[in-house]
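There are 2 protein chains.
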Amino acid sequence: MLNYNDQKNWPNNFGNLQSPINLSTNDNQAFNDFLPINVDDFYQLNNEIDDQTTIRLTGMGNATIFNREFAFQQVHFHTPAEHLVDNQQAPFEIHLVHKDNIGQTVVVALLLKIGNANSAIQEIINNFKVGAENNVSIKLSEWVPNLAKGFHYAGSLTTPPLTENVEWVVITNPEITVSQNQVNWFMQQFGGNNRECQPLNERNIEYYANK
Amino acid sequence: MLNYNDQKNWPNNFGNLQSPINLSTNDNQAFNDFLPINVDDFYQLNNEIDDQTTIRLTGMGNATIFNREFAFQQVHFHTPAEHLVDNQQAPFEIHLVHKDNIGQTVVVALLLKIGNANSAIQEIINNFKVGAENNVSIKLSEWVPNLAKGFHYAGSLTTPPLTENVEWVVITNPEITVSQNQVNWFMQQFGGNNRECQPLNERNIEYYANK
Chain A
1 MLNYNDQKNW
11 PNNFGNLQSP
21 INLSTNDNQA
31 FNDFLPINVD
41 DFYQLNNEID
51 DQTTIRLTGM
61 GNATIFNREF
71 AFQQVHFHTP
81 AEHLVDNQQA
91 PFEIHLVHKD
101 NIGQTVVVAL
111 LLKIGNANSA
121 IQEIINNFKV
131 GAENNVSIKL
141 SEWVPNLAKG
151 FHYAGSLTTP
161 PLTENVEWVV
171 ITNPEITVSQ
181 NQVNWFMQQF
191 GGNNRECQPL
201 NERNIEYYAN
211 K
Chain B
1001 MLNYNDQKNW
1011 PNNFGNLQSP
1021 INLSTNDNQA
1031 FNDFLPINVD
1041 DFYQLNNEID
1051 DQTTIRLTGM
1061 GNATIFNREF
1071 AFQQVHFHTP
1081 AEHLVDNQQA
1091 PFEIHLVHKD
1101 NIGQTVVVAL
1111 LLKIGNANSA
1121 IQEIINNFKV
1131 GAENNVSIKL
1141 SEWVPNLAKG
1151 FHYAGSLTTP
1161 PLTENVEWVV
1171 ITNPEITVSQ
1181 NQVNWFMQQF
1191 GGNNRECQPL
1201 NERNIEYYAN
1211 K
């Protein structure tokens, strides 16, 4: 029985809502609709940081995600992708981190395929300085598609403290691609930096699959 | 540096978003507006459970809270209140727990003053069976006001596992009251069951104070 006279010894453990996960186009609740996400005409990146395991860039911009207003905070990169889709792993995953007015987090993840080099990613590579932080001016005009398809679920940060207060929007049809050379550059600089997939447990995953 | 080859030893600790907290009508971001919350004409309680430290009742009903759809899950009670307002403690706090389609939690807390006995609370008291669970049929037609004032912030469960994925709507102007006899009944049955206030840390609290 919970002892209200011994509150400092209450257990304080995580639940079962960790990220990333293996997403399925079959098992989930499917909507014949697009993900309700709209972002500014452009997101502006202002500061580029060597985060030791990835590049992180802070910036500004605003998004409406599931009828709520969010401010863009930072973007970073994982090679290979952290989220799987039907057990398939994309070569590159972009995490756009957003917060609302009371600090709730939505991460918009983009799963990229190999194709043309992306010019903004190339600017980020060209501006990178080992162990340093530097000012940049990079626009992300095309990263989030207007008609996004993909998944919506409740999970966690994928790096410590792995906190479970993160809402995920994982977009499977970004209009941009990344080149094999760009992926190779990240792999050479940081090595593999994808957290392993975590148990789905009892979670309900929404799949937005406009036909 | 984060070691992606030793993921099982990553630290997994809580952040700084625990509940309850001491809410302030002065320090927060104030909106001359009501809390955007609308609930069904009635919430229906179906099952009453002796939860050892409080009474918990599960039920049904739907709410629109900050432009999102939620399903009512359960209600339980704290004597005295867990959230403070300007350092003042109400005698009784009701927690209405809601979840959306992907399992995200919003708790709507009602801070009650002493006044007339509430008939639904009296039904709950009359139906209580020590150590047991029983079917009930209780409506909560008036518990959540149409024009709600109060606070909105990101916090945690107030009982273990104290998980930090909870959005709080704390309503300071419920139209209902509780009688001193009803409060006394809960105190006699369960003793004080309020978690101590937790550090606010860097949180932004929204205060909806329609003038």
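Chains as they are written, first to last, in this note's numbering: chain A, 1 to 211; chain B, 1001 to 1211. Virtual Cβ for every residue (Gly too), placed ideally from N, Cα, C.
Pair within 9 Å by beta-carbon distance, residue i and residue j
i                  : j                  : result
Asp1086 of chain B : Leu1023 of chain B : yes
Asn1118 of chain B : Ile1176 of chain B : yes
Glu167 of chain A  : Gln104 of chain A  : yes
Tyr1207 of chain B : Ile1021 of chain B : no
Phe1092 of chain B : His1076 of chain B : no
Met1127 of chain B : Glu1048 of chain B : Contrary to the premise, residue 1127 of chain B reads as Asn rather than Met in this sequence. Yes; because the gap between Cβ atoms is below 9 Å, this pair is in contact.
Arg56 of chain A   : Tyr1004 of chain B : no
Arg201 of chain A  : Asn16 of chain A   : Per the sequence shown, the amino acid found at residue 201 of chain A is Asn instead of Arg. Yes, they are a contact pair.
Gly61 of chain A   : Leu2 of chain A    : no
Asp1102 of chain B : Val1183 of chain B : Checking the displayed sequence, the identity of residue 1102 of chain B turns out to be Ile instead of Asp. Contact flag unset, no.
Pro1161 of chain B : Pro161 of chain A  : no
Candidates the options: closest to residue i by CA position
i                  : options                                    : result
Asn210 of chain A  : A:Gln88, A:Asn126, A:Phe151, A:Asn201      : A:Phe151
Pro145 of chain A  : A:Asp40, A:Glu69, A:Ala120, A:Ile55        : A:Asp40
Asp1006 of chain B : A:Glu202, A:Gln189, A:Thr159, A:Ile171     : A:Thr159
Phe1066 of chain B : B:Asp1051, B:Asn1194, B:His1098, B:Asn1016 : B:His1098
Ile1124 of chain B : B:Glu1069, B:Gly1191, B:Leu1045            : B:Leu1045
Ser1137 of chain B : B:Asn1028, B:Gln1052, B:Asp1033, B:Thr1058 : B:Thr1058
Val1110 of chain B : B:Asn1135, B:Ala1120, B:Val1130, B:Asn1173 : The question names Val, but residue 1110 of chain B in the sequence shown is Leu. With distances taken between Cα atoms, Leu1110 of chain B lies closest to B:Asn1173.
Glu82 of chain A   : A:Gln18, A:Asn9, A:Tyr43, A:Leu147         : A:Gln18
Pro199 of chain A  : A:Leu84, A:Phe31, A:Ile114                 : A:Leu84
Tyr43 of chain A   : A:Ala30, A:Ala71, A:Asn28, A:Asn9          : A:Ala71
Asn32 of chain A   : A:Gln188, A:Lys149, A:Ile102               : A:Lys149
Ala1120 of chain B : B:Leu1112, B:Glu1142, B:Thr1163            : B:Glu1142
Val169 of chain A  : A:Arg203, A:Asn9, A:Pro161, A:Val108       : A:Val108
Asn1181 of chain B : B:Asp1100, B:Leu1096, B:Asn1116            : B:Asn1116
Leu1096 of chain B : B:Ile1171, B:Gln1188, B:Leu1147            : B:Ile1171
DSSP beta-bridge partners of residue i
i                  : result
Gln29 of chain A   : A:Glu206
Leu45 of chain A   : A:Gly59, A:Ile138
Ile94 of chain A   : A:Phe77, A:Leu110
Glu1069 of chain B : B:Thr1064
Leu1084 of chain B : B:Asn1022, B:Gln1089
Val39 of chain A   : A:Ala63
Asn1099 of chain B : In the sequence on display, residue 1099 of chain B carries Lys and not Asn. Answer is B:Ala1071, B:Thr1105, bridged to Lys1099 of chain B.
Asp1050 of chain B : B:Ile1055
Glu133 of chain A  : A:Ile49
Alpha carbon of residue i to alpha carbon of residue j, nearest angstrom
i                  : j                  : result
Ala63 of chain A   : Val106 of chain A  : 10 Å
Phe1186 of chain B : Ser1179 of chain B : 11 Å
Ala1132 of chain B : Thr1053 of chain B : 13 Å
Cys197 of chain A  : Ile1205 of chain B : 34 Å
Gln74 of chain A   : Leu157 of chain A  : 14 Å
Phe1190 of chain B : Val1130 of chain B : 11 Å
Asn1134 of chain B : Gln1122 of chain B : 16 Å
Pro80 of chain A   : Ile94 of chain A   : 10 Å
Lys8 of chain A    : Gly1192 of chain B : 16 Å
Leu147 of chain A  : Gly1155 of chain B : 33 Å
Asn28 of chain A   : Arg203 of chain A  : 10 Å
Asp51 of chain A   : Asp1050 of chain B : 50 Å
Ala30 of chain A   : Asp1100 of chain B : 16 Å
Thr163 of chain A  : Gln1188 of chain B : 37 Å
Asn26 of chain A   : Thr1025 of chain B : 48 Å
Leu1112 of chain B : Leu112 of chain A  : 52 Å
Contained alpha helix (DSSP H) runs [length at least 4] in the segment 1146 to 1208 of chain B, N- to C-terminal order: Counting only runs of 4 or more, we get 1180 to 1190.
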